[in-house]
Every structure is written in C-alpha cells, then in structure tokens.
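Counting in the working numbering, the first sequence runs from 1 upward without gaps.
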Amino acid sequence: MEQQTIRDRMADRIQHMLRHAIIRDRRFLDDEQLIRAEQLALLEEVFNASVRDAEIQELSSHFAGILRGDHPCHLAIWGKTGTGKTLTLSYFLNLLTEFAKPKGVQVRHEHLDLSTPQPCFRALNNLACLFKASKRHKKGISLEELMVNIETTLADVSGYLVIFVDEVDNVRRDRDTFLKFLVRRLPQKISVKLILVFVSNRLNWPDQLDPRVKSFLKLNELVFKPYDAVDLKHILDIRVLKALHPNTVEPGVVERIAALASHDHGDARKAVALLAKSAYLAEKAGTRITPSIVDEAMDELHCDRYMALLRTAPVQLKAAMAGAIDASRRAKGRVVGTGEAYDAYAKFCQRAVLQPLSGRAFGDLLAELDVHSFIRSKVVSHGRRGRTREITLDVPDDLADRIHEMICMDFDLRG
DNA sequence: TGTCCACAGGAAATACGGGGGT
DNA sequence: ACCCCCGTATTTCCTGTGGACA
C-alpha cells in the first residue's frame with residue numbers, strides 16, 4: 001500500500017473543506033467584526049420582521065413630542081445583556097433624527113458608551129470628547145474644567161440633544177457627581193433641550209442614587225424583555241442567509257437553536273454564537289448542520305464559558321476551585337464538607353506557593369463558585385457532628401479535569 | 001430535653017493599592 | 001514627587017443554628 005505524502009493529505013483536506021464549506025461570510029456570525037452601519041442594517045431587517053415592536057412603539061410615543069416642539073422627560077431603559085438595547089436605541093435615534101429633519105427640528109444624539117467600568121472623571125472626559133469639547137486627558141484637569149468645557153461647547157447649540165448613556169451603572173466612583181451634572185447642572189447652562197437616555201442591565205440602579213438627584217430626575221421607564229423563541233428565529237434566519245452557504249442547514253436547526261437560547265437566557269448574541277459554533281463543528285465534520293450538532297455545540301460553548309470565566313478569575317478563586325476538585329476526587333463520590341474542602345484548598349495553596357485565605361473568606365469563595373455553578377452547595381446539619389455545606393461539583397468530570405489542568409498550568413504545577 | 005458540634009454568615013476592623021490633588 | 005484618601009479585599013470577632021446524641 002503506497003504511502004500518501006503530506007502534500008496529498010493536505011490537498012485532500014483542503015478539497016474536502018472547500019467541498020463542504022458551510023460558512024460563506026464569517027463576519028456575520030460575530031457582531032464584533034461588523035461595522036456599526038452593517039449592524040444597523042441587519043437590525044432593520046430584524047425589526048421589519050416585527051421583532052421589538054412594542055419597544056419601538058414605546059420609544060416612538062416617548063419622543064413623538066419633539067416633532068411638536070415639546071420637551072419629553074428623560075428615559076431609563078432596563079434589560080439584560082443581549083436584548084438589543086444599545087443597537088435598538090442607536091437605530092431608533094438615527095431614524096428619529098431623520099424624521100425630524102424635514103420638519104425643521106434639529107435633533108442631535110450622542111452615544112456615551114460606558115461598557116467598561118470607569119470613574120466619573122473618565123466618563124466626563126469621554127462625554128467631552130463626543131462633543132469635541134476637550135481632548136482625551138489622562139489627568140491633570142479638574143472635573144470642573146471638563147464640565148465648563150462641555151457647557152461652553154454646547155452653549156450655542158439649538159434644537160434637541162439626546163445623550164444616550166449606555167450602561168450607567170458602570171460609573172464607579174462619584175456616580176452622583178456625574179449624574180448631578182447631567183441632570184441638574186447641564187440643562188441650566190445650555191439652551192438646547194436635553195433629553196437623557198440611561199441604559200442599564202440592573203433593575204435597581206436608581207435606588208442607590210443620591211436622593212436629591214433622584215427626586216429631580218423625572219424618568220420614563222422602559223423594559224426590554226429577553227427575546228423569545230420566535231424573535232430569535234427571525235434573528236437567526238437572517239444570519240443564516242447572510243453568513244452561510246445555501247442548503248447547509250437541516251430543517252429544525254434554527255428552531256432548535258432558538259428554543260435552546262430563549263429557554264436559558266434570551267440573549268441574541270449568545271444565540272448567534274451557538275449558530276457560529278454549530279457551523280464550525282459541522283464544517284469540521286464535513287456535514288450539514290444537524291440538530292445533534294447543535295447540541296454538541298451547546299456543550300462546547302458551555303465548557304468554553306466555564307473555562308473563560310475561570311481563566312480571568314482572581315487567583316484565589318482558581319485555587320478554591322482546584323481545592324474543591326481535589327477534595328471531591330479524593331472523596332470519590334462521597335459528598336464533601338466545608339472543612340474537608342478547605343484542607344484541600346490549603347494544601348493546594350501550599351503547593352502553589354500562595355498565601356491561603358482564612359476559612360471565612362474561603363466560604364465566600366465557595367459561595368461565588370456556587371453562583372457561577374461550578375459547584376453546588378447546600379447547608380446541611382449533621383446534628384452533633386455539626387453543620388456544613390455539602391459541596392458537589394456541578395460540572396461534568398471531563399470538564400473538571402480540564403479546569404484542574406488549566407489551573408495547575410496557571411500556577412506552574414504539574415497535574 | 002438539653003447539649004454541643006462545626007460550621008454559616010453578619011458586622012466591624014484592618015490591610016492594601018492606586019489614582020488624584022498639591 | 002509625595003502624601004492622602006478612598007474603595008476594595010481580607011481578617012477578626014462574633015452570634016446563630018439544626019438536629020444527632022446522651
């Protein structure tokens with residue numbers, strides 16, 4: 001039997017991949033790679049399928065007044081991640097500006113993106129940059145000066161100004177200063193009619209506000225519900241059309257993805273990620289996308305999620321996880337108590353040359369692992385033999401192995 | 001029925017680190 | 001450059017608790 005050369009094998013593989021290509025344009029499977037205009041175009045198609053109708057209606061009635069010269073109040077929007085808050089708002093505000101123009105109404109909108117946590121200073125600085133009122137400063141300029149800059153730049157603007165503050169709760173320090181400026185001070189200094197739109201994914205953010213700001217802040221509220229399966233199907237259908245070659249998706253696949261995604265989060269981005277992973281797996285296997293491949297992709301995404309979460313976690317949390325895994329391995333199916341887990345953790349710390357935390361702090365680490373469902377723990381009393389949390393690993397064994405291996409690598413240990 | 005285990009988990013004290021003001 | 005202040009992480013201290021066991 002004659003030996004295939006490496007060239008032959010490589011050529012074969014490439015041929016195979018070409019023949020079974022599934023993905024036509026990878027960019028449409030990852031929003032990060034699309035420019036804003038493309039995202040909005042995509043969104044328009046989704047909206048045309050009457051997704052997010054209720055929200056658009058609400059927005060329209062809220063802002064309708066400006067076409068008559070009214071001054072609508074501010075708006076607070078809540079919704080979990082991946083419910084399309086940012087994109088919907090951007091799209092809506094663009095459209096609004098367009099509608100207003102022929103009526104002679106000047107509407108200007110700016111998107112202040114606070115998707116990464118930042119102190120008041122940086123938030124104000126970014127805002128100033130939006131209006132070209134200031135350069136990007138590292139420091140050395142007082143908050144007051146930034147505020148004045150913004151005010152003077154906006155002083156002779158007329159018409160309406162909508163400031164879309166994305167993820168407000170990310171303003172770490174002096175949130176009150178920041179909001180007080182936007183809500184109370186700025187409107188008094190400028191003639192343009194200011195409408196603030198706050199977006200947040202936490203429902204209770206106004207509760208932790210300075211009461212003086214809060215009482216001053218007249219808000220209209222709007223909630224973005226998670227997408228349901230029907231919405232998700234529309235969204236996915238469009239992606240399939242744009243990103244994949246025709247006839248590579250078996251019937252029922254999109255429905256399956258939509259069902260899975262709506263069932264456990266209703267996050268459109270994750271749904272698209274699931275489609276992407278499925279396409280990738282199918283391409284590798286050289287088949288069309290089948291429902292069973294979707295399930296497989298789901299599992300892999302789950303694993304990826306756990307791994308990613310832990311990879312970026314603080315060292316102590318990693319050590320606690322390693323300890324929990326060690327302990328439950330040693331216990332061989334028997335449930336593990338807190339003390340036992342702590343011993344394993346302390347031992348791990350010793351090997352990893354890491355100062356172990358106190359038992360109290362370890363308890364908190366366990367609680368955190370529980371929240372992310374790496375482990376499951378419940379408090380049980382054994383009468384005179386005390387009370388303890390019974391700890392079970394909440395991840396499959398093979399994933400636990402991978403996690404353990406990763407953590408050991410992190411600490412430069414062997415398994 | 002009371003005891004007492006082995007922790008849970010809240011509150012306050014303390015250590016730490018980094019940015020900001022001067 | 002230096003110090004101070006503030007937010008966060010961790011420790012210390014403490015009280016609470018369900019139920020097996022005597």
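Where a beta carbon is used, it is the ideal one built from N, C-alpha and C, also for glycine. As the structure is a computational prediction, the values presented were derived from the model and not from experiment.
DSSP-derived helix/strand/coil call for residue i
i      : result
ALA76  : strand
VAL51  : coil
ASN220 : strand
TYR160 : strand
ILE190 : coil
SER90  : helix
VAL253 : helix
ILE35  : coil
VAL395 : coil
LYS85  : helix
LEU236 : helix
TYR280 : helix
THR177 : helix
HIS297 : For clarity, residue 297 is Ala in the given sequence; the question names His instead. Correct three-state label for ALA297: helix.
GLY266 : coil
PHE411 : coil
LYS225 : coil
Through-space distance from residue j to residue i, alpha-carbon basis
i      : j      : result
VAL183 : THR177 : 10 Å
ASP169 : ARG202 : 8 Å
LEU354 : GLY339 : 19 Å
ILE66  : LEU114 : 26 Å
SER200 : CYS73  : 18 Å
ALA76  : ASN247 : 43 Å
ILE293 : PRO226 : 25 Å
LEU413 : ALA319 : 12 Å
CYS408 : GLN350 : 13 Å
GLY159 : GLN188 : 15 Å
ALA258 : GLU368 : 30 Å
GLU44  : LEU112 : 22 Å
VAL425 : TYR280 : This structure cannot speak to residue 425, because the chain is shown only from 1 to 415.
ARG7   : ALA276 : 30 Å
GLU144 : LEU154 : 15 Å
ALA179 : ASP30  : It should be pointed out that residue 179 corresponds to Leu in this sequence rather than to Ala. So the two alpha carbons sit approximately 34 Å from each other.
THR88  : PRO356 : 47 Å
SER278 : MET17  : 15 Å
ALA123 : SER90  : 19 Å
LEU196 : VAL162 : 6 Å
TYR342 : ARG376 : 16 Å
GLU38  : GLY359 : 52 Å
ARG185 : LYS214 : 14 Å
PHE362 : ALA327 : 14 Å
Per DSSP, the bridge partner or partners of residue i
i      : result
LYS378 : GLU390
ILE14  : None; ILE14 has no bridge partner.
PHE198 : ALA76, VAL165
LEU244 : ILE23
VAL272 : None, per the DSSP bridge assignment.
ILE289 : VAL249
VAL171 : GLN118
Residue i versus the options, residue with shortest Cα-Cα distance
i      : options                        : result
ARG329 : LEU317, TYR345, ARG256, VAL315 : TYR345
ASP401 : ILE293, ARG108, ALA322, VAL107 : ALA322
VAL171 : VAL157, ASP228, ASN126         : ASN126
ASP364 : CYS408, GLN316, LYS332, ASN220 : GLN316
SER262 : ALA308, LYS233, SER90, ARG288  : LYS233
ALA54  : ALA37, PHE92, VAL162           : PHE92
THR152 : PHE164, VAL192, ARG122, LEU179 : VAL192
ARG108 : ARG13, LEU95, THR116, GLN188   : LEU95
GLU390 : LYS378, LYS85, HIS382          : LYS378
ILE289 : ARG13, ILE14, HIS20            : HIS20
ASP483 : LYS284, PHE47, VAL197, MET307  : Residue 483 is absent from the structure shown; the chain starts at 1 and stops at 415.
ALA128 : ALA313, CYS120, ASN149         : ASN149
ALA243 : PHE99, ARG26, ASP267, MET10    : ARG26
LEU423 : ALA273, GLU167, ARG52, GLY82   : A query on residue 423 cannot be resolved here, the shown segment of the chain reaching from 1 to 415 and no further.
GLU255 : LYS218, SER61, PHE224, ASP295  : ASP295
ASP166 : THR86, PRO119, VAL240          : THR86
HIS71  : ASN48, ALA327, ASN220          : ASN220
PHE121 : PRO102, GLU283, ARG360, SER142 : SER142
MET147 : PRO251, GLU110, ILE190, GLN106 : ILE190
ALA297 : ALA41, VAL157, LEU260          : LEU260
Exercise for the section: Go through the region 304-366 residue by residue and report every complete run of the alpha helix (DSSP H) that reaches 4 residues or more, in order. Expected result: The qualifying runs are 315-331, 338-351.
Practice task
Would you list, in sequence order, the uninterrupted alpha helix (DSSP H) runs of no fewer than 4 residues that lie entirely inside the region 92-152?
Solution key: DSSP assignment within the region 92-152 yields the following whole alpha helix (DSSP H) runs of 4 residues or more, N-terminal first: 120-130.
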